[in-house]
Amino acid sequence: MILHAISIVLISGGAALLLIGSLGVNRLPDFYARTHAATTPDTLGLIFSMLGLALYDGIDLNSAKLLIIVVMVALGNPAATHALGLSALGAKLMPWTRKGGKER
Numbered sequence: 084m085i086l087h088a089i090s091i092v093l094i095s096g097g098a099a100l101l102l103i104g105s106l107g108v109n110r111l112p113d114f115y116a117r118t119h120a121a122t123t124p125d126t127l128g129l130i131f132s133m134l135g136l137a138l139y140d141g142i143d144l145n146s147a148k149l150l151i152i153v154v155m156v157a158l159g160n161p162a163a164t165h166a167l168g169l170s171a172l173g174a175k176l177m178p179w180t181r182k183g184g185k186e187r
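This is the structure we're talking about:
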């Protein structure tokens, strides 16, 4: 019973993080901020959701596959985001600045 409650909390937290990330992609002004908003909550949301599903399913082959997905996402998503950021810098994509306001 406690294991199911923990898995439901993890799945709900992951879904909330995925929702926050999708709102950030729509709301933020430039490529760099959107990239950060897309990957940080996306990575954590997917990890929480997959761990919750693995706990809910119990110890079997399906939970092992879910844990392999967690490892691959945890390694691949930040590396891919870093590569995108470097290519944007290489293409001289300028960050968003406020027009008519003071720079911080």
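For the sequence shown, the residue numbers in the working numbering are 84 to 187. All C-beta atoms, glycine included, are put in the ideal place defined by N, C-alpha and C.
Measure the C-alpha to C-alpha separation of residue i and residue j and round it to an integer number of angstroms.
i, j, result
"Lys182", "Asp113", "14 Å"
"Val156", "Ala88", "25 Å"
"Gly141", "Leu86", "9 Å"
"Gly168", "His119", "10 Å"
"Arg117", "Ser105", "9 Å"
"Ala171", "Met84", "48 Å"
"Asn109", "Lys175", "23 Å"
Of all Cβ atoms in chain D, is any one closer than 7 Å to the Cβ of residue i?
i, result
"Ala98", "Looking for chain D here will not work: only one protein chain is present."
To which residues of the same chain is residue i closer than 6 Å at the C-beta, ignoring the five residues directly before and after it?
i, result
"Trp179", "Pro112 and Asp113"
"Leu101", "Gly128"
"Val250", "This structure leaves residue 250 out entirely; the chain is present only between 84 and 187."
"Leu144", "none"
"Gly173", "none"
"Ile103", "Pro124"
Which residue marks the beginning of the alpha helix (DSSP H) containing residue i, and which one marks its end?
i, result
"Leu134", "Phe114 to Asp140"
"Ala88", "Ile85 to Arg110"
"Met155", "Leu144 to Gly173"
Quick one: what's got a C-beta closer than 7 Å to residue i's C-beta in the same chain, skipping five residues either side?
i, result
"Leu150", "Ala137"
"Met177", "none"
"Ser146", "Ala137 and Asp140"
Are the region 133–144 and the region 85–95 touching, with three or more C-beta to C-beta distances below 8 Å? Because the criterion of three Cβ pairs below 8 Å is met, the region 133–144 and the region 85–95 touch.
At a cut of 8 Å, does the region 156–164 reach the region 114–131 through at least three beta carbon pairs? Touching, yes.
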